Structure formats: C-alpha cells, structure tokens
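Those protein sequence lines, which keep their order, are chains F and D.
Under this note's numbering, think of the first position of the first sequence as 1, with each following residue one higher.
Under this note's numbering, think of the first position of the second sequence as 1001, with each following residue one higher.
Worksheet for the structure shown next.
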Amino acid sequence: MAKTMFEKIWEQHVVAEPEGQPALIYIDLHLVHEVTSPQAFEALRLTNRKVRRPDLTISTVDHNVPTDDTRAEEIKDPIARKQVETLRRNCKETGVTLYDVDSAAQGIVHVIGPEQGYTQPGMTIVCGDSHTSTHGAFGSLAFGIGTSEVEHVLATQTLRQAKPKTMEIRFNGDLKQGVTAKDMILSAIGKMGTAGGTGYVVEYTGDAIKKLSMAGRMTVCNMTIEAGARAGLIAPDDTTFDWMRGRKFVPKGEDFDTAVAEWRELASDEDAEYDALLEIDCDELEPHVSWGTNPGQVARVTDRVPSPEDFDDSADVSSAKRALEYMGLTGGTAIEDIEIDRVFIGSCTNARIEDLRAASHIVKGRKVASTVRAQIMPGSTLTKMLAEKEGLDKIFKEAGFEWRESGCSMCLGMNPDILEPGERCASTSNRNFEGRQGKGGRTHLVSPEMAAAAAIEGHFVDVRDWEIE
Amino acid sequence: MEKFTKLTSIVAPLDRANVDTDQIIPKQFLKRIERTGFGEFAFFDWRYLEDGVLNPDFILNQDRYRNANILVGGRNFGSGSSREHAPWALKEMGFQAIIATSFADIFRNNCMQNGMLPVILSESEVDTIMARALRGSGYKVTVDLESQTVTDDQGLNASFDVDPFRKNSLLEGLDDVGLSMSFGEAIDSFEEKRTARW
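Set out below in structure tokens:
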C-alpha cells in the first residue's frame, strides 16, 4: 500500500504496540533546554532512574540568556540563574552534552540542531518546546512535548503516542519577489485557524515548497504548531542534502551517500492518501501581517484591519473584539498605516543566516526611523559569527539596528528583552499572544524583509515595492 | 500520579476561545525548577491589576467561583507553548477537570500526565454548562471518568470520549514511565537493530 512520509517514519520507529495502548515510539534525538527540563531530571533523581541515552540527548541554554554585553557574567535574575545552573548540573551529572553560552554552537535549540547536523531526515525528534516542529523541514518527525514526557524520553528513549491523522498542505505556484516562507505559513494559519491542524501531522508539498531554501522550509514547519498541528514535514531533496553536507554531525564521505540514498526513499509515495488537504496558490500570495492576538488573525499588507462584524462565527466576533482592544487598533485601518515602536528580528522562526541576509538587503544604505528601536538577535552564536564575517552586522549597525547575542530573547521575553506596555512591535517571531513579548506589548508577526522595511519607514510597508540593491 | 475518578464541583466559566498557555502562566513565572509554586500566578495578566490587587473584572476572581474545581472554557483551550507549567498552575489554582469543545494537543496530554481530566463536549453542551455557570451561584456538575459522563441536577447528561489507555492511567493513578520501562527488552532489541543500521 502507498504510504505517506509520516507513515514510513512512524513504522520505522514503533518499538511496541501493546493491545489497547498507544504505540511506544523510539526517539532518535532529544533536545533539551533550561526551562522545561529541571522537573524532569529531578523526577528521575527521585525515582532512581537514569538517562537511558545521554548520547542521543543534546542541550543548550537559550530561553533565559541575556543578549547584551552582560552575557558572560552571571544572570542577574536569581531565579533564571538558578534554572540555567540547574541545567549545567543536570548535564554534568548525566553526561548530556551542553552547549553553554561560551560555545559557538550555542543558540536557539531549533536553530542549532540543524546547524550542527544533529537534525537528519527520517529521525524522530522531540523537545520540551512546541516549536520542535521546525526540524520537520528535513523530513524528520519532530514535535514538542511536556515536561512529564521529557522525563519519559530521558528514562526510556521512547514516547507513547496515539497515531495522528495526516494532512497535506499544498503550496502551488511561485512566490513573487518580496513574498516569503513566512507569508506562506501565515496565510495557511489564517485559512485553517489556530486549531485547524489539531490531531494532524502536516506534510507540506507543492512547487513553492520545492523551491524554498532550507531556512524557508524551517520557517514553514516551525509555525505548524500555530495551526494546532504538532508536526510538519517536508520531503528531503537535493536542497536538503546540499544544505546538510559537511555539517559537523552529518555522516561523511561514502556514509553520506548511503544515507542520502536512504533519505530519498522517505518521500511520500505518489498515490499516498492523506486524511485532509489544503491548497494555497502562491502566485497570488502577498506579504502578511498579523493584526490580532493569535497567529490566525492575519491580513495581507494591502488589506485593512478587519472589524468584529466582518466575522460570521460568534466566537470569532468576540475574539476579534478583544484582540482589537488589546492591540489598540480600529477596524478599517489600513495595515500600512499602522505605526510601530519596535522591531525584533530573531527567534527560531526567522533568525537564520538566510533571514539575516534577506533583512540586510532591505536595510543596506538606509536608516532606521527615529521613532523606532530595532534589534537583531541571531539564532545562534555560529550564525552571528557567520553574519559578522559577511559584514551584515555593519550594515545593520550603520542603519541604527542593535546587533545582539543569540537566544530566544524577545520572542517570549523570559530574559530582560521585553516590550513596554503599549509598545507596538514588528516581529519575525511566531506568537502574537497577549503579553507574549511583555505585558501590554503589541506584536505583529511578519517576515524578516517586512520587519526590516517597517524599521526604516516606521510603519508597515509593502516590501514588494521596495528597491533592493 | 494522582488518580482522577469522579468529581462533583462548582463550575467556573471562562468564556473565551483560544485561551493560550502564555495567558494561563506567563513566561516570567517559568523560571522555577520545581513543579509547584505556579498557582498564584495563573492567568496573572487577567487576574491582577498593576498593583497586584485582584482584578474585580476578571470572572474567576468572583467569590461564587472561588471553590470551583471544574473550569469550562472556549474552543482550542491551551493552545500555544508546550509548557507543562500551565496544567501545574491550573491544578494548584484548584482545577482538576476542564471542559471545552476542543483542546490543543500538547496541553491535553500534559493535563493527563498530572491527574487532570480534559473533557471534550459538543458546542451545545458546553454552551449549556457555560450559561448555567454564568447565571447563578453554586452551579455544580459531576464529571465521572468511569462512565465518561458529565451530569448536573438540571437534566444535563453528556457523554465524552477518552482514550482507554489514558482513562485507565487516570483511574489507577499509574506512572507512565514505570509502565514503559517494563518494555525494556523491546527497547533493547530495537536499539540493537538501530545501532546495526547506523
């Protein structure tokens, strides 16, 4: 029978399927960070259990770390400091590799996994972090788990999983200049709603996906969870293999060729069937901007902010009403008339070298508007070093951007990088929830290109009209 | 894990769709390394005013819901981040069962790892419970996991689905990890094959 990529990976990882119980699935790679792991390590300690496979477990500090020049010092917030120190102690005691702040391999966990070559096609990957879906860009089955499940994986290297349904999201056509992977996924979430993918694993297909860079594919898969689906996958192809070749933990030489031959087999069979299908035409796609307080509340840049009465469903009406009030917006306002105070280019969604290059093309030779504070937090320390080698930091700094250290930073503001109440931010991150970037802060989700252009103009602009050197 | 069998309690209504885990427990409270100490910070931005005083406009602050152990919410409850701190916070706030038309997957899993029961009912059933909880004071329902029903004394008799494995784990208060470790031999042999391949 024809199989989807998800079904192939699933079947390769079933350890046991006891009668009347969810399957026990083997986990090939377990990524760990400081926020969702301390209670799991503590539970192992209390039950005298060991980390079964420290060699398949990789950790870093990303959520709490400062991105300013105090990075090498102790974290000022004593509770955050204790959390980071707890991870250090747990890794030391259990033999789990830790990429600490002084390591070039440190960074946002979903940036460094692929960057170091840990993330590979056909793998099962979990992390106590919902954006683990990012790794699906390589054709791996990757999803976020809670802390109890982190404990389960640490102890058994397996996870109990009911088999999810499958959905195909097919992006047809070609993206126009200035329209990006971020706009593809924002448009999909806008169509599906934030719960449209609940219970599904999504596979992204179509010409526009095939033409995307790996960074773009990671952006798409990253935000799968914002549509409610825990995992999103893309079939690995030459783009994938070219991107992976030579990375530290990717097989070398003949082993690489053998692996590639296996990885090519992962793609869904031609007549494989999915439980659901969504098609999106990329020829007509425009840059997107979120206007509300969930990632399904998005508009095209040429649109206006909707009014509550534009919605049919009563829950959507009251959601829109609340969202507009929180966001300080009035229905009917042109998206391009929304003025911003802050710009954040960062996060596991859009802080890879390709994202920084794309933003730099917009910024080059221009100045950040005097009313805007703009910051860039590269996705990893290695990304930052590479960007500096290419001179991107100079472009950004000359334009008036702050060039910071890597970490999750203002995507969720666990470290000191937060919005002040009422501040409005063009953000390349993934969630525009109330208070996400700081209590009272107002987040608009956009692509790196759109964020960069908004930084220059002080309000949203259609980046398709932009002249790029 | 603590058992969940049957619970009769006052119902607290939170009539909002897409209540996300950032709202349930904001990020500044995720820095603790314990599983406890989150309850007082649940719904922090909605629950407290600037000076730390309880916000009288937030419905869960009303006296009539103070002793509720059951929460009824809107659709897609618990969306967003995977933080298990969200169910920990709700549990400490007193909630052991949450009723909604739908839940985000990770949140739902996390609840059931902590002896809490997420109950999915139809829109009309949730609307009925929501309306009755909003109307008076002291409105109670009984959530019975064994019979998979939610009932009240005004004629509500709703049934819900639950995965049989999760149901049993909740009824017995079973430790998931311990159970999976009993598959040690299967894991060993899977790993042998896997190592041979890689």
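Cβ atoms here follow ideal geometry from the backbone N, Cα and C, with glycine treated the same way.
All values reported here derive from a predicted model rather than from experimental measurement.
Problem - For F/Val305, the three-state DSSP class (helix, strand or coil) - result: Taking the first sequence and counting its residues from 1, one reaches residue 305 of chain F at position 305. It is coil, neither helix nor strand.
Problem - Close Cβ partners of F/Ile185 (< 6 Å) along its chain, the five nearest in sequence each way excluded - result: The residue labelled residue 185 of chain F in the question sits at position 185 within the first sequence. Cβ-Cβ distances below 6 Å link F/Ile185 to Val220 and Met223 in the same chain, with the five nearest sequence neighbours on each side left out; the list follows chain order.
Exercise for the section: Please confirm whether F/Ala334 and F/Gly379 have their CB atoms less than 8 Å apart. Expected result: Here residue 334 of chain F refers to the residue found at position 334 of the first sequence. Here residue 379 of chain F refers to the residue found at position 379 of the first sequence. No.
Problem - Of the listed residues F/Ala369, F/His152, F/Pro114 and F/Asp283, nearest to F/Glu398 (C-alpha basis) - result: Looking up residue 398 of chain F in the first sequence gives position 398. Measuring from the Cα of F/Glu398, the nearest candidate turns out to be F/Ala369.
Exercise for the section: Could you tell me whether any Cβ in chain D is nearer than 8 Å to the Cβ of F/Asp129? Expected result: Locating residue 129 of chain F in the first sequence gives position 129, where the first residue counts as 1. Chain D has a Cβ within less than 8 Å of the Cβ of F/Asp129.
Practice task
Take the Cβ of F/Tyr57 as the centre, count every other Cβ of all protein chains shown within 10 Å, and call the residue buried at 16 or more, exposed below.
Solution key: Numbered from 1 along the first sequence, position 57 holds the residue referred to as residue 57 of chain F. The sequence as given places Thr at residue 57 of chain F; Tyr does not occur at that position. Buried, since its Cβ has 16 or more Cβ neighbours within 10 Å.
Exercise for the section: Examine chain F for any beta-carbon lying closer than 8 Å to the beta-carbon of D/Lys1027, and answer yes or no. Expected result: Locating residue 1027 of chain D in the second sequence gives position 27, counting from the first residue. Against chain F, the CB of D/Lys1027 has a partner CB under 8 Å away; the residue lies at that interface.
Handout entry: 4-residue-minimum alpha helix (DSSP H) runs that sit fully inside the region 225 to 301 of chain F, ordered along the chain
Key = Entirely contained in the region 225 to 301 of chain F, the alpha helix (DSSP H) runs reaching 4 residues are, in chain order, 238 to 244 and 253 to 264.
Problem - Ranges of the beta strand (DSSP E) found wholly within the region 1096 to 1157 of chain D, counting only runs of at least 3 - result: Segments of the beta strand (DSSP E) lying fully in the region 1096 to 1157 of chain D: 1097 to 1100, 1117 to 1120, 1140 to 1144 and 1149 to 1151.
Problem - Within chain F, the residues that D/Met1181 reaches when beta carbons sit closer than 8 Å - result: Position 181 of the second sequence, counting from 1, holds the residue named residue 1181 of chain D. Per Cβ cutoff of 8 Å: Arg49, Ala155 and Thr156.
Practice task
Determine whether the Cβ of D/Gln1096 lies closer than 8 Å to any Cβ atom of chain F.
Solution key: Along the second sequence, one-based indexing puts residue 1096 of chain D at 96. Not one chain F Cβ lies under 8 Å of D/Gln1096.
Practice task
Would you check if the distance between the CB atom of F/Ile345 and the CB atom of F/Ala188 is smaller than 8 Å?
Solution key: Within the first sequence, numbered from 1, the residue matching residue 345 of chain F stands at position 345. Within the first sequence, numbered from 1, the residue matching residue 188 of chain F stands at position 188. In this structure, the beta-carbon distance from F/Ile345 to F/Ala188 does not fall below 8 Å.
Exercise for the section: Out of F/Cys127, F/Ala195, F/Arg170 and F/Val153, point me to the one whose CA is closest to F/Gln297's CA. Expected result: Working through the first sequence from its first residue, we reach residue 297 of chain F at position 297. The shortest C-alpha to C-alpha distance from F/Gln297 to any of F/Cys127, F/Ala195, F/Arg170 and F/Val153 is the one to F/Ala195.
Practice task
List in chain order: all unbroken beta strand (DSSP E) runs of 3+ residues lying wholly within the region 7 to 31 of chain F.
Solution key: List check, beta strand (DSSP E) in window: 14 to 16 and 23 to 26.
Practice task
For D/Ala1100, count neighbouring C-beta atoms within 10 Å of its own C-beta (all shown protein chains included) and say buried if the count is 16 or more, exposed if not.
Solution key: Translated into positions along the second sequence, residue 1100 of chain D becomes position 100. Classification of D/Ala1100: buried, given that the 10 Å Cβ count is 16 or more.
Problem - CB contact below 8 Å: F/Val109 versus chain D - result: As a working mapping, residue 109 of chain F is identified with position 109 in the first sequence. Closer than 8 Å: no.
Exercise for the section: Give me whichever residues DSSP pairs with F/His152 in a beta bridge. Expected result: Position 152 of the first sequence, counting from 1, holds the residue named residue 152 of chain F. Its beta-bridge partners do not exist; DSSP assigns none.
Handout entry: the region 282 to 297 of chain F touching the region 394 to 413 of chain F, judged by at least three CB pairs closer than 8 Å
Key = By the Cβ rule, the region 282 to 297 of chain F does not count as touching the region 394 to 413 of chain F, because fewer than three pairs are nearer than 8 Å.
Handout entry: Under 8 Å from the C-beta of F/Phe433: neighbouring residues of chain D
Key = Mapped onto the first sequence, residue 433 of chain F falls at position 433. Per Cβ cutoff of 8 Å: Asp1020, Asp1022, Gln1023 and Gly1080.
Practice task
Indicate whether F/Gly359 and F/Ile234 have their beta-carbon atoms separated by less than 8 Å.
Solution key: Taking the first residue of the first sequence as position 1, residue 359 of chain F is located at position 359. Taking the first residue of the first sequence as position 1, residue 234 of chain F is located at position 234. Rather than Gly, the amino acid found at residue 359 of chain F in this sequence is Ala. Taking 8 Å as the Cβ cut-off, F/Ala359 and F/Ile234 do not qualify as a contacting pair.
Problem - Rounded straight-line distance, which links the Cα of F/Asp341 to that of F/Pro114 - result: The residue labelled residue 114 of chain F in the question sits at position 114 within the first sequence. The residue labelled residue 341 of chain F in the question sits at position 341 within the first sequence. Each residue's alpha carbon lies about 33 Å from the other.
Problem - chain D residues whose Cβ lies nearer than 8 Å to that of F/Met414 - result: Indexing the first sequence from 1 puts residue 414 of chain F at position 414. Within chain D, the residues whose beta carbon sits less than 8 Å from that of F/Met414 are Lys1027, Gln1028, Leu1030 and Lys1031, listed in sequence order.
Practice task
Determine whether the Cβ of D/Pro1164 lies closer than 8 Å to any Cβ atom of chain F.
Solution key: What you label residue 1164 of chain D is simply residue 164 of the second sequence in a count that begins at 1. It does: the Cβ of D/Pro1164 has a partner Cβ on chain F nearer than 8 Å.
Problem - Three-state secondary structure (DSSP) of D/Gly1080 - result: By one-based count along the second sequence, residue 1080 of chain D stands at place 80. Note: D/Gly1080 maps to coil in three-state DSSP.
Handout entry: Near-chain F residues of the region 1054 to 1079 of chain D (beta-carbon distance less than 8 Å), N- to C-terminal order
Key = So the list reads Gly1074, Arg1075, Asn1076 and Ser1079, given in the order they occur along the chain.
Handout entry: Anticipated Cβ contact below 8 Å, D/Thr1151 with D/Lys1006, distance rounded
Key = Translated into the one-based positions of the second sequence, residue 1151 of chain D becomes position 151. Translated into the one-based positions of the second sequence, residue 1006 of chain D becomes position 6. Contact flag wrong, Cβ pair sits at about 11 Å.
Exercise for the section: Could you tell me whether the Cβ atoms of F/Ala387 and D/Lys1031 are closer together than 8 Å? Expected result: Here the question's residue 387 of chain F lines up with position 387 in the first sequence. Here the question's residue 1031 of chain D lines up with position 31 in the second sequence. Not in contact: F/Ala387 and D/Lys1031 (Cβ atoms no closer than 8 Å).
Practice task
Indicate whether F/Ala454 and F/Val343 have their beta-carbon atoms separated by less than 8 Å.
Solution key: As a position in the first sequence, residue 454 of chain F is number 454, starting the count at 1. As a position in the first sequence, residue 343 of chain F is number 343, starting the count at 1. A Cβ-Cβ contact shorter than 8 Å links F/Ala454 with F/Val343.
Exercise for the section: Kindly indicate which residue of F/Gln177, F/Trp263, F/Arg245 and F/Ile112 has the alpha-carbon position closest to the one of F/Met5. Expected result: Translated into positions along the first sequence, residue 5 of chain F becomes position 5. Ranking the options by Cα distance to F/Met5, first place goes to F/Trp263.
Handout entry: Rounded straight-line distance, which links the Cα of D/Phe1103 to that of F/Pro38
Key = The residue given as residue 38 of chain F occupies position 38 in the first sequence. The residue given as residue 1103 of chain D occupies position 103 in the second sequence. Straight-line measurement puts the Cα of D/Phe1103 at about 26 Å from the Cα of F/Pro38.
Handout entry: Where the alpha helix (DSSP H) containing F/Arg89 begins and where it ends
Key = Here the question's residue 89 of chain F lines up with position 89 in the first sequence. Residues Pro78 to Thr94.
Practice task
Kindly list, in the order they appear in chain F, the residues whose Cβ is closer than 8 Å to that of D/Phe1190.
Solution key: For the purposes of this step, residue 1190 of chain D is taken as residue 190 along the second sequence, with counting starting at 1. Chain F residues near D/Phe1190: Val15 and Tyr26.
Handout entry: Buried or exposed (CB count within 10 angstroms, at least 16 for buried), F/Ile338
Key = For this step, residue 338 of chain F is matched to residue 338 along the first sequence. Buried, since its Cβ has 16 or more Cβ neighbours within 10 Å.
Exercise for the section: Verify whether the separation of the beta carbon atoms of F/Lys321 and F/Gln116 is less than 8 Å. Expected result: By one-based count along the first sequence, residue 321 of chain F stands at place 321. By one-based count along the first sequence, residue 116 of chain F stands at place 116. Cβ atoms of F/Lys321 and F/Gln116: not closer than 8 Å.
Handout entry: Stretch pair the region 283 to 292 of chain F + the region 148 to 165 of chain F: three plus CB contacts closer than 8 Å
Key = No contact exists between the region 283 to 292 of chain F and the region 148 to 165 of chain F.
Problem - Against chain D: residues of the region 166 to 179 of chain F by CB proximity under 8 Å - result: Listed by position, the residues of the region 166 to 179 of chain F near chain D (Cβ gap below 8 Å) amount to none.
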